[in-house]
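Participant:
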Amino acid sequence: MSSTPALVVEGLTKHFGGRTAFSEASFTVEPGEVFGFLGPNGAGKTSTVRTLGTLIAPTAGSAVVAGLPLTPANGVGIRRRISVMPESPGLYLRLTVAENLEFFAGLHELPGARDRIERALRAVNLSDRAGDPCRALSKGLRQRVGLARALLNDPTVLFLDEPTSGLDPVAAREVHDLIADLRGRGVTIFLTTHRLAEAERLCDRVAIMNTTLRTIGRPDELRERLFRKSLEVRTRAPLADPDRVFGALDGVESWQLDGSGAYVLAVSDPDSAAPAAVRALVAADADVLSLSQSQHSLEDVYLRLIESDPEVSAA
Amino acid sequence: MSMSVIRSLRRGGAGAGFGGMSAGRIRAVFRKELRDFRRNRFIVGTMAVVPLVFMVLPTVELLTMPAGLPTSALDTRIGLAMLYLLIVPAMVPAAISAYSVIGERDQGTLEPVLTTPIRAEEFLVGKALAALLPTLFISYTMFGVFLGCAELFAQPAVATAALRGPQLLAQLLFTPLVAGWSIWVVIAISARVSDVRVAQQLGTLASLPPLAVSSLMSFNVIHPTLRLAVTLAAVLLVVDSLGWRAVAAVFDRERLITGSRALR
Ligand SMILES: Nc1ncnc2c1ncn2[C@@H]1O[C@H](COP(=O)(O)OP(=O)(O)O)[C@@H](O)[C@H]1O
Ligand SMILES: [Mg+2]
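Chains as they are written, first to last, in my numbering: chain Y, 6 to 320; chain F, 16 to 279.
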């Protein structure tokens, strides 16, 4: 991909009076990427979206949004190229679905508004509800109207702020499927969420943040980077001299006995360490019950990161 | 300043409104507003009840005026009746405009609107026109009914006094001028307060000053000379045509988005 990044953010900071909403955020989002912004409530996700969406001015730092530097003078130009779906969809409840979309097509001065509205409604599977007043729609359907509205102008960057918050599992699943569809069509998406599974399922890369950015990476990368790999060995009886069995093994950096009576070996490459460990155990006459690679969920990574001291994790 | 407005008005071709504003976006706001009003029971109710209430009194007054009144007394009473009719263009748009900004914020629609290319000026002008149009329709209809009643049912001398050219012209001109004042002042209030009810209360108060001036004239506290009427009209015209600038200046995106923590 030779095109310019969809978002370039450097040292972006926002204070509300004495309160820090987010601080020193730096990251880049490539075109076509689904970028997850994952953090607990109050982490600064909404404030970040509002800042990049030109609703509020940053206190410090800079950003380039859809190719334009984030300055007051570029506000209209940036807004022409982006769409923001806020936390609550913000529909005119007395107007129908189609009338809501018509209004926003008018605000964007889009040519061929009728076709675009039809296409957007088809994209969120709402074509048959076009004439319904929004008041009559469930929360999940309203969210889908919000998504259709955000698609009208074919945005260069689509910001979705907690698109499934407050939805029941079925409605949330439908929104997930729609986002996965958009991802398949190459739409660049900046998605905030406090739900780990959502980030893991939908995003190409995830930034974990809690006021400050803690880390960024692909979900699988994050798991590998943040947790050392290990092998877990269970034996029928405790080993007589575990240090002699594991201490001299190639590729085993250290070992310890965990609370459940399993030996946990820190390894650099489980694929070469596992056979060696088995040979050593057999040689020591141990009855091996099981030997497995330990799996860490993204949740482990997440919880560790958002709880840790920002100074420490920044290092 | 007013020169620049006039210049930009002249410049405005297709697609471009005044001050480089987009006519398309203003139209989008205008249409959305009218659709929303039609289905808003409070607004429909206000548009129906306020005119009725303020129609009845001057019409009854007109129809019960005796034939033999001296001209000056007749003029005063007719002036008063007409002033009464001006309460509608002052109050109806105030009731509508109280919602214009704070109402959108409360229902969570301001945030998505402000992330589109629309500029504050366009949003505000669209809102103002949407409040102005139904107001003019209602006020002129009321005035027409009033004059019709005068022609058909009032004493001939009263009818003649009511249907004099300058008086009609003044009423026709002051209706939009008074409405414009209410609209801009109340939209400004709506953009700065944190509660719809406060906007309504302050808005009703703020719609009164032009009426106060006119009533001083009606009661002969200030002498209703042509020069005074023209001055008042000129002041209102300036306020009406520059109001969008003043309101755009107090329209603070960040404050409107983050001011309340109770966004739903
Ligand atoms: N308008 C505001 N005034 C003061 N503090 C605010 C405002 N908006 C957000 N904050 C604070 O900024 C922090 C981040 O909030 P927010 O961006 O809404 O987080 P998130 O969307 O991740 O839940 C919170 O501590 C919140 O209290
Ligand atoms: Mg939030």
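All C-beta atoms, glycine included, are put in the ideal place defined by N, C-alpha and C.
Please read these numbers as outputs of a predicted model, since none were measured by experiment.
Just grab the DSSP bridge partners of T74(F) for me.
Facilitator: Sequence index remark: in the second sequence, residue 74(F) carries index 59 (1-based). DSSP output for T74(F) lists no bridge partner at all.
Participant: Within the present structure, is the beta-carbon of T51(Y) separated from the nearest heavy atom of ligand 2 by less than 8 angstroms?
Facilitator: Within the first sequence, numbered from 1, the residue matching residue 51(Y) stands at position 46. True, at least one ligand heavy atom lies under 8 angstroms from that Cβ.
Participant: Within the present structure, is the beta-carbon of E167(Y) separated from the nearest heavy atom of ligand 2 by less than 8 angstroms?
Facilitator: By 1-based counting over the first sequence, the position of residue 167(Y) is 162. Checking every heavy atom of ligand 2 against the Cβ of E167(Y), one is found closer than 8 angstroms.
Participant: Can you tell me which residues form a DSSP beta bridge with H199(Y)?
Facilitator: The residue given as residue 199(Y) occupies position 194 in the first sequence. Note: H199(Y) sits in no beta bridge, so no partner.
Participant: Say whether the stretch 188-199 of chain Y touches the stretch 215-225 of chain Y, bearing in mind that this needs 3 or more beta-carbon pairs closer than 8 angstroms, one atom from each stretch.
Facilitator: At 8 angstroms Cβ cutoff, the stretches do not touch.
Participant: Find the residues of chain F that neighbour F42(Y), judging by a C-beta separation of less than 8 angstroms, and give them in chain order.
Facilitator: Numbered from its first residue, the first sequence carries residue 42(Y) at position 37. Simply none; closest approach about 17 angstroms.
Participant: Which chain F residues are close to R99(Y), counting only those with a beta carbon under 7 angstroms from its beta carbon?
Facilitator: One-based indexing of the first sequence puts residue 99(Y) at position 94. D51, R54 and N55, listed in chain order.
Participant: Ignore the nearest five residues each way along the sequence and tell me which others in V208(F)'s own chain have a CB closer than 8 angstroms to its CB.
Facilitator: The residue you call residue 208(F) lines up with position 193 of the second sequence. Excluding positions up to five away in sequence, the list reads I117, A214 and L217.
Participant: Quick check on E137(F): buried or exposed, where buried means 16 or more other Cβ atoms within 10 Å of its Cβ?
Facilitator: Here residue 137(F) refers to the residue found at position 122 when the second sequence is read from its first residue. Buried is the call here.
Participant: Any heavy atom of ligand 2 closer than 8 angstroms to the CB of E92(Y)?
Facilitator: Looking up residue 92(Y) in the first sequence gives position 87. Checking the Cβ of E92(Y) against ligand 2 gives yes.
Participant: For S37(F), would you say it is in contact with chain Y, using Cβ-to-Cβ distances shorter than 9 angstroms as the test?
Facilitator: Here residue 37(F) refers to the residue found at position 22 of the second sequence. Closer than 9 angstroms: yes.
Participant: For I272(F) versus L75(Y), is the C-beta distance shorter than 9 angstroms?
Facilitator: Against the second sequence, residue 272(F) aligns to sequence position 257. Against the first sequence, residue 75(Y) aligns to sequence position 70. No; because the gap between Cβ atoms is not below 9 angstroms, this pair is not in contact.
Participant: Identify each residue in the stretch 7-30 of chain Y for which the Cβ-Cβ distance to at least one residue of chain F is less than 9 angstroms, and report them in chain order.
Facilitator: Taking 9 angstroms as the Cβ-Cβ cut-off against chain F, the residues of the stretch 7-30 of chain Y that qualify are F21.
Participant: Name the chain Y residues that come within less than 9 angstroms of I272(F), Cβ to Cβ?
Facilitator: Here residue 272(F) corresponds to residue number 257 of the second sequence, with the count starting at 1. R55, L60 and I61, listed in chain order.
Participant: Answer with yes or no whether the minimum CB distance from K47(F) to chain Y is below 9 angstroms.
Facilitator: Within the second sequence, the letter at position 32 stands for residue 47(F). Taking Cβ atoms only, chain Y reaches closer than 9 angstroms to K47(F), which makes this a yes.
Participant: Only counting the same chain, and skipping five residues up and downstream in sequence, which positions put a Cβ closer than 8 angstroms to that of G23(Y)?
Facilitator: Against the first sequence, residue 23(Y) aligns to sequence position 18. Cβ neighbours of G23(Y) beyond the five flanking positions: none.
Participant: Might you give, ordered along the chain, the residues of its own chain that have their beta carbon closer than 7 angstroms to the beta carbon of E304(Y), omitting 5 neighbours on each side?
Facilitator: Along the first sequence, one-based indexing puts residue 304(Y) at 299. So the list reads L201, once near-sequence residues are dropped.
Participant: Using CA atoms only, rank isn't needed, just tell me which of L126(Y), G145(Y) and S273(Y) is closest to G136(Y).
Facilitator: Position 131 of the first sequence, counted from the first residue, corresponds to residue 136(Y). Selected option, being the one with the closest Cα: L126(Y).
Participant: Using a Cβ-Cβ cut-off of less than 8 angstroms, list which residues of the stretch 105-137 of chain F approach chain Y; keep chain order.
Facilitator: So the list reads Q122, G123, T124, L125, E126, P127, V128, L129, T130, T131, P132, I133 and R134, given in the order they occur along the chain.
Participant: Using the three-state DSSP reduction, which class does G266(Y) fall into: helix, strand or coil?
Facilitator: Working through the first sequence from its first residue, we reach residue 266(Y) at position 261. Three-state DSSP puts G266(Y) in coil, outside helix and strand.
Participant: Quick one: which unbroken alpha helix (DSSP H) runs of 4-plus residues sit fully inside the stretch 108-161 of chain F? Chain order, please.
Facilitator: Segments of the alpha helix (DSSP H) lying fully in the stretch 108-161 of chain F: 117-121 and 125-129.
Participant: Is there a Cβ from chain Y that is less than 9 angstroms from the Cβ of R242(F)?
Facilitator: On the second sequence, residue 242(F) is found 227 positions in, with the first residue counted as 1. Answer no: the Cβ-Cβ gap between R242(F) and chain Y never drops below 9 angstroms.
Participant: Going by C-alpha to C-alpha distance, which of L220(F), T219(F), P149(F) and L247(F) sits closest to S229(F)?
Facilitator: What you label residue 229(F) is simply residue 214 of the second sequence in a count that begins at 1. Of L220(F), T219(F), P149(F) and L247(F), the residue nearest in Cα terms is L247(F).
Participant: Say the cut is 8 angstroms; is the CB of T25(Y) nearer than that to a heavy atom of ligand 2?
Facilitator: As a working note, residue 25(Y) is residue 20 in the first sequence. Checking every heavy atom of ligand 2 against the Cβ of T25(Y), none is found closer than 8 angstroms.
Participant: Taking CB distances under 9 angstroms as the criterion, tell me whether F108(Y) reaches chain F.
Facilitator: Within the first sequence, residue 108(Y) is the residue found at index 103, counting from 1. Chain F, which has a Cβ nearer than 9 angstroms to the Cβ of F108(Y), makes this yes.
Participant: Interface residues of chain Y around A43(F) at Cβ under 7 angstroms?
Facilitator: In the second sequence, residue 43(F) corresponds to position 28, counting from 1. Near A43(F) (Cβ distances below 7 angstroms), the residues of chain Y are F108, G111 and L112.
Participant: What alpha helix (DSSP H) runs, 4 residues minimum, are completely inside the stretch 162-220 of chain F?
Facilitator: Correct list: 171-177 and 180-207.
Participant: How about T331(F): is its Cβ closer than 8 angstroms to a heavy atom in ligand 2?
Facilitator: Residue 331(F) lies beyond the range of chain F shown here (16 to 279); nothing can be said about it.
Participant: Hey, how far is the Cα of R25(F) from the Cα of G35(F)?
Facilitator: Taking the first residue of the second sequence as position 1, residue 25(F) is located at position 10. Taking the first residue of the second sequence as position 1, residue 35(F) is located at position 20. Residue confidence is low: R25(F) scores 39 on pLDDT, short of 50, so the model does not pin down where it sits. Its coordinate-derived value is still stated next. Cα to Cα, R25(F) sits roughly 11 angstroms from G35(F).
Participant: At which residues does the alpha helix (DSSP H) containing V262(F) begin and terminate?
Facilitator: As a first step, residue 262(F) must be located in the second sequence, where it is residue number 247. Note, V262(F): alpha helix (DSSP H), L241 to V265.
Participant: Classify S273(Y): buried if its beta carbon has 16 or more other beta carbons within 10 angstroms, exposed otherwise.
Facilitator: For the purposes of this step, residue 273(Y) is taken as the residue at position 268 of the first sequence. By the 10 Å Cβ count, S273(Y) comes out exposed.
Participant: Measure the C-alpha to C-alpha separation of P127(F) and I122(Y) and round it to an integer number of angstroms.
Facilitator: In the second sequence, the residue the question calls residue 127(F) occupies position 112. In the first sequence, the residue the question calls residue 122(Y) occupies position 117. Rounded to the nearest angstrom, the two C-alpha atoms are 17 angstroms apart.
Participant: Does any CB atom of chain Y fall closer than 9 angstroms to the CB of R260(F)?
Facilitator: Position 245 of the second sequence, counting from 1, holds the residue named residue 260(F). It does not; no Cβ of chain Y falls within 9 angstroms.
Participant: Touch check for the stretch 187-197 of chain F and the stretch 101-109 of chain F: three-plus C-beta pairs under 8 angstroms?
Facilitator: Taking 8 angstroms as the limit for Cβ pairs, the verdict is that the stretch 101-109 of chain F does touch the stretch 187-197 of chain F.
Participant: Sorted by chain position, which residues of the same chain lie with C-beta nearer than 6 angstroms to G145(Y)'s C-beta, five sequence neighbours on each side aside?
Facilitator: Position 140 of the first sequence, counted from the first residue, corresponds to residue 145(Y). Around G145(Y): L172 and A176.
Participant: Quick one: is the Cβ of A30(Y) within less than 8 angstroms of any heavy atom of ligand 1?
Facilitator: Here residue 30(Y) refers to the residue found at position 25 of the first sequence. Result no, Cβ not under 8 angstroms from ligand 1.
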